[in-house]
Amino acid sequence: MYDKRVFRGSNFAPQHLPKWNPHFAYAKLLSRDDGDGESAAARAAEARRRALARRKAKNQHYKTSQLRLGSPPPVAGRRHENVQTETFLEELFVSPPVQYECTQTDLFFERPASPFYVPEKTGADIETQIYPGDLFDFDMEVQPILEVLVGKTVEQALIEVLEEEELAALREQQRRFLELRAVETAEALRLEEREKRLVKEKERRLVEHEEGIKIQKEMEERIAAAVLMQGYMADLLPSVIEGLESEGFMMENIKEDIDESFMPWLIKEVTLELQDMVCSRDVLSDIVREILENRAEIYKVLNKESSTDETEEEGPSVQDMILQDHLRLQEEIRTKEKLIRESNETKPEIDQ
């Protein structure tokens, strides 16, 4: 179905229509012959010929555009611009004419202030006379408002007073807590220092005890060596003399020399050694006495400190430690006296 009043195609694409010629406006109507069949056939043949010619021209144009060397044709709505494509640039000395022009616009006027909005007046104005006390009683009507204002003010004041009291109680509680924490911190530091002092004292006593044991062992070894030497010499000397006499090597002059010179010298040396032992015993006794005095003073000070403590600590007390040290020292003194007594008992045998 075709209607010449309806346009076919896109509404946005450019339309390439031939210019209107008034001389050919009615050429088709004038050449039309109604009722002549040959004229219709001739018109159809002419239309076919024109279509073939248009198609041939279009194909020829397409072939020409494909075989042409150079830039492709511009797209619809654009055109090519000639540019310089020479190998070397060419300086252009001809400058286009330049002319300066200026213009001045008017200043902007300040915007005036907007007028106040005045609503449109409607209705008719009517007036009346109102005397004082006609509408309401001020003293009676203002009483609820005053009650609310006064009550709210008093309530807010009470809340502020209670808040201040609560803050004061919190500050007092915080102050007591800080004082208690300071006391606990001082007590912890005091206990820590006391523990350090006790540890140092214990280490010092252990060192002194080890030194005393070492000195005691040396003295016991020396005393035992002296006693062993005395007993060994007392047993060995008669057997040696008897052996020499049985072999015939012991003569009277040698025996007299031994009795007069060697034996007095040997007894003298043994006596000097025993005197050194006795002196060593006296020195050892003085050392033990000094240690006992120092320990007694230290235990007295520790006993005073332990009596001031509020809580009792685990472990042996100061009195128990003093008693143990005293018993151990007495045992050591008894052992040394026994060794010295044995050495004194062997002395008459050597004299004989």
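For the sequence shown, UniProt numbering puts the final residue at 352, and the numbers step up evenly by one. Heads up, the beta-carbon is just placed ideally off N, CA and C, and yes, glycines get one too.
Per the contact definition of three or more C-beta pairs closer than 8 Å, is the stretch 212 to 232 in contact with the stretch 272 to 286?
-> yes
Looking at C-beta atoms only, is the number of pairs between the stretch 226 to 243 and the stretch 264 to 279 that lie closer than 8 Å three or more?
-> yes
In whole angstroms, what separates the C-alpha of Ile241 from that of Glu331?
-> 42 Å
Roughly how many whole angstroms lie between the Cα atoms of Leu244 and Asp259?
-> Roughly 15 Å separates the two Cα atoms.
Examine the ligand HEM and report whether any of its heavy atoms sits within less than 7 Å of the Cβ of Ala113.
-> By its list of ligands, the structure shown contains no ligand whatsoever, and the ligand HEM lies outside what it can speak to.
Would you say the stretch 221 to 229 touches the stretch 272 to 280, given that touching needs at least three Cβ pairs under 8 Å?
-> yes
Cα separation between Val6 and Lys63?
-> 35 Å
Can you tell me the Cα-Cα spacing of Leu167 and Val161, whole angstroms?
-> 10 Å
Should Met277 go down as buried or exposed, given a rule of 16 or more other Cβ atoms within 10 Å for buried?
-> buried
Report the option in Asp106, Arg205, Leu198 and Ser261 whose CA atom is closest to the CA atom of Leu292.
-> Arg205
Asn82 to Gln60, Cα distance in whole Å?
-> 27 Å
Cα separation between Gly37 and Ala45?
-> Since pLDDT at Gly37 reaches only 49, below the 50 mark, its modelled position is unreliable, and no value is offered.
What is the rounded straight-line gap between the Cα of Glu192 and the Cα of Lys300?
-> 21 Å
Taking the alpha-carbon positions, what's the Phe116 to Phe109 distance?
-> 21 Å
Going straight from the alpha carbon of Glu290 to that of Leu302, what length do you get?
-> When rounded, the distance between both Cα atoms is 18 Å.
For Thr335, which residues of its own chain have a beta-carbon under 8 Å away from its beta-carbon, when the five flanking residues on both sides are left out?
-> Glu220
Can you give, in chain order, each stretch of the alpha helix (DSSP H) that sits fully within the stretch 203 to 283 and has at least 4 residues?
-> 252 to 257
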